[in-house]
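Protein chains: 2
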Amino acid sequence: MNPAAIKRVMQRAEALCRERGVRLTQQRRTVLELLIASEKPLSAYDLLDRLRESVKNPAPPTVYRALDFLMQQGLIHKLESIHAYVGCTHPDHPHAGQFLICADCGEVEEVQDPRVTESLQAAGQAQGFRTHRPVVELLGVCAHCRHSKTETD
Amino acid sequence: MNPAAIKRVMQRAEALCRERGVRLTQQRRTVLELLIASEKPLSAYDLLDRLRESVKNPAPPTVYRALDFLMQQGLIHKLESIHAYVGCTHPDHPHAGQFLICADCGEVEEVQDPRVTESLQAAGQAQGFRTHRPVVELLGVCAHCRHSKTETD
DNA sequence: CCAGTAATGTTATAATGTTACATTATCCAG
DNA sequence: CTGGATAATGTAACATTATAACATTACTGG
Chain A
1 MNPAAIKRVM QRAEALCRER GVRLTQQRRT VLELLIASEK PLSAYDLLDR LRESVKNPAP
61 PTVYRALDFL MQQGLIHKLE SIHAYVGCTH PDHPHAGQFL ICADCGEVEE VQDPRVTESL
121 QAAGQAQGFR THRPVVELLG VCAHCRHSKT ETD
Chain B
154 MNPAAIKRVM QRAEALCRER GVRLTQQRRT VLELLIASEK PLSAYDLLDR LRESVKNPAP
214 PTVYRALDFL MQQGLIHKLE SIHAYVGCTH PDHPHAGQFL ICADCGEVEE VQDPRVTESL
274 QAAGQAQGFR THRPVVELLG VCAHCRHSKT ETD
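The listed protein sequences correspond, in order, to chains A and B. Mapping the first sequence onto my numbering, position 146 (from 1) lands on 146, and the numbers just tick up by one. For any residue, its number in my numbering is found by taking its place in the second sequence, counting from 1, and adding 153.
Below, the structure is given as structure tokens:
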């Protein structure tokens, strides 16, 4: 993401936290910025490594606490299938997107398809199930990687 | 699952492996049976503990290899969001189901909703994405637990 | 039987995540 | 502005999940 876009998302995050009366502290802000700026999802320990530049001696709880906070605020998402985290690009309303995860280049596309959302809700309701957190992650190969390789469809 | 049903699923697994020319060895069979018989999903280390009854000194690779094989054959599913595994109850055709995971009682329901399957495929195709493995897990509360607690809807 | 492949044994270690308790920062009522 | 409560962070140890690397054993087909 380009610097202007990063700044815009960060400002939106600031505003949201202010509205909600929660504190986007320096560490939380740093973790969020690392995720927003990254092309690819980062693991907790990736983040831990990168935090060494700005924090003296970061330990796992430092990162996990920041991640927990950011997830509670809907500012980032956790990708369960690859144990990594991505910044949310449109955190205004709470949502649980669907993620297209490329096994080749590692990039992730977040989409939010109403048909998917609705059909999942319906599938749960048919069983009397109350969904708190849907996890929808498609592991595969993105358009770019499919075309750059000699992939026969 | 009752003993008769377990036996039926195991025989189906035997037959499938025979057809495919792959070996359902004793260890693999044991792991599969443990999963089929369990009400709830089991972690790799749950399985490791239970294997001590039939194997002398099982180590993690023993379990993970069996799990890899069984997943390849579509006989079990991995639940990414809870790091656990469940037996597949209808393994005849390869498929990737959707899982309703109750945070309360721990039980898991596997469903296969055509609308979900189709809408996910469409969502991927809209991005030019080729899905190899869809991960669809709804974390929430099952009908039974919703009713047994004083849960206000 | 023999050679090749598949499966398993064994040890160590990597990667991910949590607990528990001490310390510091912030907030806000008086 | 101060003191007490709450929130956030520091720190060390540890728990859980998963893999690497290499040796050994079992099976299969000629």
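Where is the CB? At the ideal position from N, CA and C, for every residue including glycine.
How far does the beta strand (DSSP E) with residue i in it extend, from its first residue to its last?
| i | result |
| --- | --- |
| residue 70/A | Element bounds for residue 70/A: not the beta strand (DSSP E) but the alpha helix (DSSP H), 60-72. |
| residue 134/A | 130-141 |
Could you tell me the distance, in whole angstroms, from the CA atom of residue i to the CA atom of residue j?
| i | j | result |
| --- | --- | --- |
| residue 108/A | residue 117/A | 19 Å |
| residue 79/A | residue 106/A | 12 Å |
| residue 197/B | residue 46/A | 25 Å |
| residue 38/A | residue 28/A | 16 Å |
| residue 205/B | residue 72/A | 40 Å |
| residue 185/B | residue 175/B | 15 Å |
| residue 297/B | residue 155/B | 20 Å |
| residue 55/A | residue 89/A | 25 Å |
| residue 17/A | residue 6/A | 17 Å |
| residue 26/A | residue 9/A | 16 Å |
| residue 50/A | residue 4/A | 21 Å |
| residue 65/A | residue 126/A | 36 Å |
Suppose the cutoff is 7 Å on Cβ atoms and the five residues either side in sequence are ignored; what does the same chain contact list for residue i look like?
| i | result |
| --- | --- |
| residue 35/A | 42, 76, 85, 86 and 87 |
| residue 167/B | 177 |
| residue 48/A | 58, 60 and 63 |
| residue 137/A | 79, 80, 81, 99 and 101 |
| residue 83/A | 43 |
| residue 292/B | 234, 254 and 256 |
| residue 69/A | 28 |
Looking only at its own chain, which residues have a Cβ that is under 6 Å from the Cβ of residue i, when we skip the five neighbours before and after it?
| i | result |
| --- | --- |
| residue 135/A | 80 |
| residue 74/A | 91 and 94 |
| residue 193/B | 259 and 260 |
How would you write the range of the alpha helix (DSSP H) that residue i sits in, first residue to last?
| i | result |
| --- | --- |
| residue 107/A | No alpha helix (DSSP H) contains residue 107/A, which DSSP labels as neither H nor E. |
| residue 121/A | 114-126 |
Report back the beta-carbon spacing between residue i and residue j to the nearest angstrom; my notes put them in contact at under 8 Å.
| i | j | result |
| --- | --- | --- |
| residue 91/A | residue 12/A | 7 Å |
| residue 256/B | residue 286/B | That belief does not hold up - the Cβ atoms of residue 256/B and residue 286/B are roughly 24 Å apart, past 8 Å. |
| residue 281/B | residue 146/A | 7 Å |
Go through its chain and collect everything with a Cβ distance to residue i's Cβ below 8 Å, but skip five positions before and after it.
| i | result |
| --- | --- |
| residue 284/B | 273, 274 and 277 |
| residue 295/B | 253, 255, 257, 258, 260 and 262 |
| residue 331/B | No information on residue 331/B is available, as it lies outside the stretch 154 to 306 that chain B covers here. |
| residue 20/A | 73 |
| residue 112/A | 95, 97 and 98 |
| residue 148/A | none |
Whole alpha helix (DSSP H) elements within the segment 2-88 of chain A, 4-residue minimum: 3-20, 26-37, 44-51 and 60-72
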